[in-house]
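Oh and the sequence shown: position 99 is 99 in this note's numbering, straight run, nothing missing.
Glycine is no exception: its CB is placed at the ideal position from the N, C-alpha and C atoms.
As the structure is a prediction and not an experimental result, all values here were calculated from the model.
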Amino acid sequence: MALILLASALLLGAAIVWWLRLPLYPFEAAALTVVLGLFTWTWLAFLAALVLPYHWAVPLATGVSAGASVALGRTRRQGRPLWRPLEGGRSGWILWGIASGGTVALLGPLFWTHSLVRDSTGIYSAGSTWADFGLHTAIISHFAVFDRMPLDLPVASGARDTYPFLVDLLSALYLRGGWSLQLSLFLPGILLALACCQLLISFSLRLFGHVGAAVGGLVSLLSIGTAAGLRVAYGDWARSGQRILDFLPELPRDYTVLSAENGNVTNFVANALLPQRSILFGLGVGLSVLILLHSARHTGERRHLLLGGSLIGLLPMAHPHTFIVCGVVLVVAAIEAGLRLCRLPWDYLAAGTIALALAAPQLAWQQLANGGGTGGRFRLGWMQSPGESIWSFWWANFGLMGILFIALPFVLLRPAWRQYLVWYVPFLVILVITQVYAFQPFEYDNLKLIYYVYLMAGLIGAFLAVQVYRASRWSLVLLVPVVLIVTIPGLLSITHEFQMRDQFADNADVALAGWVRAHTAPDSVFLGTDRPNEPVATLGGRSIVLGYRGWLYNFSLPYQQREAAVSAALQGRAADPVVRLFHPDYLVVGVNEDKSWTVNRNALAALPVAYRNAEWTVYRLPVTGPSGRPQGGTQRP
């Protein structure tokens, strides 16, 4: 069934691409098929699941998708698709093939090994993905265990789920459709990641018409990293006393995550594409929007502009940071069109109206559902520490790329390159905004916007590097060292990611989750300590009162009472009013709880034991759950 759902989405994507009437590179058509198909199909399933149980919603979404595919396909029964010739001919295709093969070789193994691989000792991931997948798998498993889509946040029982969960809903439907959790994570993840790489190449080709510049831009994006990482890596290598070939296979750390140096520009592959699943839809749809806006600007094709506005409007539930970026790009494009045409740009205004109309209910839900908003506030200097010079902070984090950010507007004033200024200005605006305002309590998340500044600056920088090389091949003497200085921290981060393997769940965790799924009701609520990889939520799909507090803080959810409830329950005070406030059905206690929690095991012995293995004990709590059922609801022997 999961394979049928995937095929249905890809068919819809192919029909949308056919309907566009846009001359495309063959690889661009394939990438748009993946992104637009999966994104649009998931939105159809989401809307259906809001009002219908899954056994009606999924077939309805599949049927509507099939009908839309037929309707869109009938709009152009005559003729064959128009293909754009690849600039550079055969040599261009060779370079494209090398770049594409390289991204498959890079991303394929990483996505597979990080997507919760199961072996005889447990389940494994790595690095930032290990931590972030605690949230994603909790949402996926929670969606999958119900007969209809729940709208609560499983890591904070009773709170509304305002996280941009669209890509997790897609994986949940694949999980329900028969795929394993690993395959449900891996397949849409790798398809979207590879499609994003192809769309980046095709967008650069549309801007600059040079395969080398496009490949350079892709390398620039994938190798983002804190500038100070090069200096720190050199220091670690020098102190190690090892040869470089012995040092590289066993890197001691990620050289884009530098706490002592306050380095926060983490690598795009290791810290965004792999762990932050929502950016897969965000980046793919964002690049699709840029391609459509580029086409509309040069051809005047209204349907491309209106479809771009529609995609922007659908972004908040997928990736709100990309929604902000695309919104700024559309505003700047509309202003430029008005100045260029000397009249109101009605098509752009229509696209903006569509985007706002579609986005408004999503933004209202995300801001108002839990009453706390997103925690935005003014924050000068992004993550600059108190007493730290803004210039040293900027240099440690951005280095030469920071100089490029500032220099590009002046470089692009040159008449031959002035046409590209309209594409860079929105990202310069985004850069300025991120340096004065934090959109969430954890200001690090502004990096999700800054990544886009790197994207556009990297594309333009690669194009300028090609122009310099064309003027003189001796420029390689300067260009090669600059490229190495900029890319080495990120490349080291990716290398380190290949070397990591962290256990997400051991066999006792898997056994606990299996018991939870088999013997508790889907709406059961569990009390326990705040582990990111808490198996009851991540693998069992049940709601927990207190998820990882870093998530709750960043979601602007108060968690002091939740902490108090867990603390009281661990001390045996199951009837405490603060415990009853959250209507828990079970308390789960590990053998090795963190020392910050006080566990009174003698008092807990008075509670009935529902399940026990070598590492976990589950107690039934003598309270009534929110549905009115006693002691956790339906029990099966």
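So, is residue i buried or exposed, given that buried needs 16 or more other C-beta atoms within 10 angstroms?
{"i": "residue 300", "result": "exposed"}
{"i": "residue 601", "result": "exposed"}
{"i": "residue 630", "result": "Because the pLDDT at residue 630 is just 41, under 50, the model does not fix this residue reliably, and the point stays unresolved."}
{"i": "residue 149", "result": "buried"}
{"i": "residue 298", "result": "exposed"}
{"i": "residue 634", "result": "Interpretation of residue 634 is limited by its pLDDT of 36, a score under 50 that renders its predicted location unreliable; no figure is taken from the coordinates."}
{"i": "residue 197", "result": "buried"}
{"i": "residue 96", "result": "buried"}
{"i": "residue 217", "result": "buried"}
{"i": "residue 119", "result": "exposed"}
{"i": "residue 121", "result": "exposed"}
{"i": "residue 123", "result": "buried"}
{"i": "residue 75", "result": "exposed"}
{"i": "residue 412", "result": "buried"}
{"i": "residue 622", "result": "exposed"}
{"i": "residue 5", "result": "buried"}
{"i": "residue 502", "result": "exposed"}
{"i": "residue 105", "result": "exposed"}
{"i": "residue 625", "result": "Summary for residue 625: the model assigns pLDDT 47, below 50, so the residue's position carries little reliability; its value from the coordinates is reported in the next sentence. Buried, by the Cβ-count rule."}
As a quick exercise: from the options, pick the residue whose alpha carbon is nearest that of residue i.
{"i": "residue 54", "options": "29, 97 and 170", "result": "170"}
{"i": "residue 247", "options": "496, 517, 261 and 615", "result": "496"}
{"i": "residue 60", "options": "308, 372, 108 and 8", "result": "8"}
{"i": "residue 168", "options": "108, 480, 158 and 153", "result": "153"}
{"i": "residue 127", "options": "275, 351 and 105", "result": "275"}
{"i": "residue 56", "options": "385, 147, 110 and 363", "result": "147"}
{"i": "residue 524", "options": "264, 577 and 620", "result": "620"}
{"i": "residue 87", "options": "210, 65, 428 and 452", "result": "210"}
{"i": "residue 318", "options": "101, 67 and 43", "result": "43"}
{"i": "residue 100", "options": "490, 27 and 68", "result": "27"}
{"i": "residue 93", "options": "251, 201 and 45", "result": "201"}
{"i": "residue 157", "options": "589, 608, 335 and 566", "result": "566"}
{"i": "residue 188", "options": "108, 390 and 244", "result": "108"}
{"i": "residue 581", "options": "570, 340, 333 and 562", "result": "562"}
{"i": "residue 204", "options": "358, 571, 456 and 521", "result": "456"}
{"i": "residue 484", "options": "587, 399, 17 and 11", "result": "399"}
{"i": "residue 31", "options": "66, 291 and 243", "result": "291"}
{"i": "residue 67", "options": "404, 367, 15 and 444", "result": "15"}
{"i": "residue 199", "options": "103, 491 and 603", "result": "103"}
{"i": "residue 72", "options": "17, 90 and 91", "result": "17"}
{"i": "residue 490", "options": "547, 263, 295 and 51", "result": "263"}
{"i": "residue 212", "options": "91, 444 and 343", "result": "91"}
{"i": "residue 303", "options": "272, 20 and 343", "result": "20"}
{"i": "residue 615", "options": "3, 227, 336 and 592", "result": "592"}
{"i": "residue 85", "options": "29, 117, 37 and 52", "result": "29"}
{"i": "residue 98", "options": "2, 129 and 214", "result": "214"}
{"i": "residue 271", "options": "511, 225, 296 and 252", "result": "225"}
{"i": "residue 254", "options": "364, 223, 2 and 241", "result": "223"}
Would you please state the rounded distance, in angstroms, between the beta carbons of residue i and residue j? I believe it to be under 8 Å.
{"i": "residue 133", "j": "residue 526", "result": "Wrong, their Cβ atoms sit about 19 Å apart, outside the cutoff."}
{"i": "residue 458", "j": "residue 221", "result": "6 Å"}
{"i": "residue 34", "j": "residue 238", "result": "Not quite, the Cβ-Cβ distance comes to about 45 Å (not below 8 Å), so this is no contact."}
{"i": "residue 696", "j": "residue 111", "result": "No answer is possible for residue 696: the residues shown for the chain start at 1 and end at 637."}
{"i": "residue 529", "j": "residue 594", "result": "6 Å"}
{"i": "residue 265", "j": "residue 447", "result": "7 Å"}
{"i": "residue 181", "j": "residue 155", "result": "About 17 Å separates the two Cβ atoms, so there is no contact after all."}
{"i": "residue 617", "j": "residue 589", "result": "5 Å"}
{"i": "residue 436", "j": "residue 378", "result": "6 Å"}
{"i": "residue 395", "j": "residue 402", "result": "7 Å"}
Quick one: does the C-beta of residue i sit closer than 7 Å to a heavy atom of the ligand NAD?
{"i": "residue 562", "result": "The ligand NAD is not part of the structure shown, which contains no ligands of any sort."}
For residue i, decide whether its Cβ has a neighbour in chain C, counting only Cβ atoms nearer than 8 Å.
{"i": "residue 266", "result": "Annotation note: the requested chain C is absent from the structure, which comprises a single protein chain."}
- Please confirm if the segment 509-516 is in contact with the segment 537-544, defined as three or more CB-CB distances below 8 Å between the two stretches. By the Cβ test, the segment 509-516 is in contact with the segment 537-544, since at least three Cβ pairs between them sit closer than 8 Å.
- Query: Where are the beta strand (DSSP E) runs, 3 residues long or more, that stay fully inside the segment 78-138, in chain order?
  - Reply: Counting only runs of 3 or more, we get 117-119 and 122-125.
- Message: My parser needs the alpha helix (DSSP H) runs of 4 or more residues fully inside the segment 297-355; what are they?
- Response: Runs of the alpha helix (DSSP H) inside the segment 297-355: 302-313 and 320-341.
- Message: With three or more beta-carbon pairs closer than 8 Å as the criterion, would you say the segment 221-237 touches the segment 415-422?
- Response: Judged by pairs of C-beta atoms under 8 Å, the segment 221-237 does not touch the segment 415-422, as fewer than three such pairs exist.
- Item | 4-residue-minimum alpha helix (DSSP H) runs that sit fully inside the segment 397-463, ordered along the chain | For the segment 397-463, whole alpha helix (DSSP H) runs of length 4 or above, ordered along the chain, are 421-434.
- Taking the runs of the beta strand (DSSP E) that are 3 residues or longer, which of them lie wholly in the segment 504-573? If we require 3 residues or more, the beta strand (DSSP E) runs fully inside the segment 504-573 come out as 525-527.
- Message: Under 8 Å: do the segment 556-572 and the segment 360-379 share three or more Cβ pairs, one atom per stretch?
- Response: With a cut-off of 8 Å, the segment 360-379 and the segment 556-572 count as touching, because enough Cβ pairs lie within range.
- Task: Would you be able to state if there are at least three C-beta pairs under 8 Å between the segment 171-188 and the segment 572-580?
- Result: Touching, no.
- State whether the segment 469-486 contacts the segment 439-453, with contact taken as three or more CB pairs (one from each stretch) at a distance under 8 Å. The segment 469-486 makes no contact with the segment 439-453: fewer than 3 CB pairs, one atom from each, lie closer than 8 Å.
- Query: For the 8 Å Cβ check, are there 3 or more pairs between the segment 305-325 and the segment 272-288?
  - Reply: Flag = yes, the segment 305-325 and the segment 272-288 touch.
- State whether the segment 304-311 contacts the segment 348-356, with contact taken as three or more CB pairs (one from each stretch) at a distance under 8 Å. Here the segment 304-311 makes contact with the segment 348-356; the two share three or more CB pairs at distances below 8 Å.
- Quick one: which unbroken alpha helix (DSSP H) runs of 4-plus residues sit fully inside the segment 26-79? Chain order, please. 26-51 and 54-73, all fully within the segment 26-79.
- Task: Output the residue ranges of the alpha helix (DSSP H) runs that lie fully inside the segment 224-308 and measure 4 residues or longer, sorted by chain position.
- Result: With a minimum length of 4 residues, the continuous alpha helix (DSSP H) runs that stay inside the segment 224-308 are 229-240, 244-247 and 278-299.
- Segments assigned alpha helix (DSSP H), at least 4 residues, entirely inside the segment 146-186: If only complete runs of 4 or more residues are kept, the segment 146-186 shows the alpha helix (DSSP H) at 166-176, in order along the chain.
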